[in-house]
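Enquirer: The structure follows.
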Amino acid sequence: MVFNIRTIMTRHGAVRYSDTGGSGFPVVLIHGSSFSRRVFERQFDSGLAGRWRLIAVDLPGHGDSEDARDPRSTYTVTGFAACLDEIAEALDLKRLAVFGWSLGGHAAIEWMSRSTRIRGLMLCGAPPMPRGLIGMFRAFHPSRDLLLTSKQTFGERDAARFASLCFGSEPAPYQELVLRTDGLVRSVFAQSLARGEGADQRQAVETASIPIAIVAGTEDPFVRLGYLSGLHLPGHFSDEPIVIEGAGHAPFWERPDVFNPVLDRFLEAVAIDTTSAWQAHVRRVTARARG
Numbered sequence: 001m002v003f004n005i006r007t008i009m010t011r012h013g014a015v016r017y018s019d020t021g022g023s024g025f026p027v028v029l030i031h032g033s034s035f036s037r038r039v040f041e042r043q044f045d046s047g048l049a050g051r052w053r054l055i056a057v058d059l060p061g062h063g064d065s066e067d068a069r070d071p072r073s074t075y076t077v078t079g080f081a082a083c084l085d086e087i088a089e090a091l092d093l094k095r096l097a098v099f100g101w102s103l104g105g106h107a108a109i110e111w112m113s114r115s116t117r118i119r120g121l122m123l124c125g126a127p128p129m130p131r132g133l134i135g136m137f138r139a140f141h142p143s144r145d146l147l148l149t150s151k152q153t154f155g156e157r158d159a160a161r162f163a164s165l166c167f168g169s170e171p172a173p174y175q176e177l178v179l180r181t182d183g184l185v186r187s188v189f190a191q192s193l194a195r196g197e198g199a200d201q202r203q204a205v206e207t208a209s210i211p212i213a214i215v216a217g218t219e220d221p222f223v224r225l226g227y228l229s230g231l232h233l234p235g236h237f238s239d240e241p242i243v244i245e246g247a248g249h250a251p252f253w254e255r256p257d258v259f260n261p262v263l264d265r266f267l268e269a270v271a272i273d274t275t276s277a278w279q280a281h282v283r284r285v286t287a288r289a290r291g
């Protein structure tokens, strides 16, 4: 698939993005900590790119984007959300869907909580959690490996381990992206979540008036699947998490044969959303569930 690669100047620095263009409903793909838009290659190189407008960004401090001018402000859940909204404004995206993975998912929830332009949100590897450290422990498995997500300085061994955990593959892909990342991203963002900055993410998702889908891999080394199953998602795209067998933290990369059709169906549901159309759909789903 041929797509455009461009740069947007933001208050947080120059941001690089890929855009398939076209008239399809737009979906912004947001990568996880220490990676880049390249992780979505298996979506850009698929039928999704012909049906929808795929836009994948490199967050500040990652990939081909600049490191943040003010890391302590930008590399937070609220800072990344503000940057994403600035990008959407520059691209004149009045209505869009978002797929957020890991760190990108947490930034997407915060973005959704403060913006009316997001009409559908799919999350993966980003359990919506209550504010603060206790909320984090409820949503994630505490482990030595989890500490890597907040470690500022990585050597090659750390980069290899982190990439392997995220993609369930050895040798792991994208290790060079991990080493390129501004290490302050990991430490500052982890502190931001632990302090409870931004919206209460669980509450934001459970009370959202837009379609929401949560995708998880059965082998995710970080996320507690039991926590996800306890979320209250009435009337959303799926009333429970969509669990992909044999996948870990990145089902979109590990099992695109399963993930891509799910994303396709989700975008179909979002694209019909003119508010009244989606609310009518929710009423039908709710009526069927009660009947």
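In the UniProt record's numbering, the protein residues as written are 1 to 291.
Just so you know, even glycine gets a beta-carbon here, dropped at the ideal spot from N, CA and C.
This one's a predicted model, so the numbers in the text were calculated from it and none came from an experiment.
Are there 16 or more other CB atoms within 10 angstroms of the CB of Val2, so buried, or fewer, so exposed?
Expert: Here the question's residue 2 lines up with position 2 in the sequence shown. When all chains shown are included, Val2 counts as exposed.
Enquirer: Any idea if Gly120 is buried or exposed, counting beta-carbon neighbours within 10 angstroms, 16 or more meaning buried?
Expert: Walking along the sequence shown from the start, residue 120 turns up at place 120. So Gly120 ends up on the buried side.
Enquirer: Between which two residues does the alpha helix (DSSP H) containing Met112 stretch?
Expert: On the sequence shown, residue 112 is found 112 positions in, with the first residue counted as 1. Where Met112 is concerned, the enclosing alpha helix (DSSP H) stretches over 103-114.
Enquirer: Under a three-way DSSP split, which group does Pro142 fall into?
Expert: Indexing the sequence shown from 1 puts residue 142 at position 142. If DSSP states are grouped into helix, strand and coil, Pro142 belongs with coil.
Enquirer: Can you tell which of Val243, Leu233, Ala213 has its C-alpha closest to the C-alpha of Leu225?
Expert: One-based indexing of the sequence shown puts residue 225 at position 225. The candidate whose alpha carbon is nearest that of Leu225 is Val243.
Enquirer: Once you ignore the five residues that flank Asp48 on each side, which residues in its own chain have a CB closer than 7 angstroms to its CB?
Expert: Translated into positions along the sequence shown, residue 48 becomes position 48. Note on identity: in this sequence residue 48 is Leu, with Asp being the wrong assignment. Once the five neighbours on either side are set aside, the close Cβ partners of Leu48 are Leu54, Asn260, Leu263, Asp264.
Enquirer: Taking C-beta to C-beta, are Arg168 and Gly248 nearer than 8 angstroms?
Expert: The residue labelled residue 168 in the question sits at position 168 within the sequence shown. The residue labelled residue 248 in the question sits at position 248 within the sequence shown. The question names Arg, but residue 168 in the sequence shown is Gly. Their beta carbons are under 8 angstroms apart, which means Gly168 touches Gly248 by this criterion.
Enquirer: My guess is that Leu29 and Gln43 are in contact by the Cβ rule of under 8 angstroms, so how many angstroms apart are they, rounded?
Expert: Against the sequence shown, residue 29 aligns to sequence position 29. Against the sequence shown, residue 43 aligns to sequence position 43. Between Gln43 and Leu29 the Cβ distance is about 7 angstroms, and since that is below 8 angstroms, they are a contact.
Enquirer: As an exercise, report each continuous alpha helix (DSSP H) stretch of at least 4 residues that is fully enclosed by the segment 186-274, in chain order.
Expert: Counting only runs of 4 or more, we get 201-206, 225-229, 251-254, 256-271.
Enquirer: Under a three-way DSSP split, which group does Pro171 fall into?
Expert: Residue 171 sits at position 171 when you count from the first residue of the sequence shown. Residue state, collapsed to three classes: coil.
Enquirer: Near Thr7, what residues of its chain come up, given a Cβ to Cβ distance below 6 angstroms and the 5 sequence neighbours on each side ignored?
Expert: Here the question's residue 7 lines up with position 7 in the sequence shown. Closer than 6 angstroms at the Cβ level, and outside the excluded window around Thr7, lie Ala14, Arg16.
Enquirer: Between which two residues does the alpha helix (DSSP H) containing Arg42 stretch?
Expert: Taking the first residue of the sequence shown as position 1, residue 42 is located at position 42. Run containing Arg42: 41-44, per the alpha helix (DSSP H) assignment.
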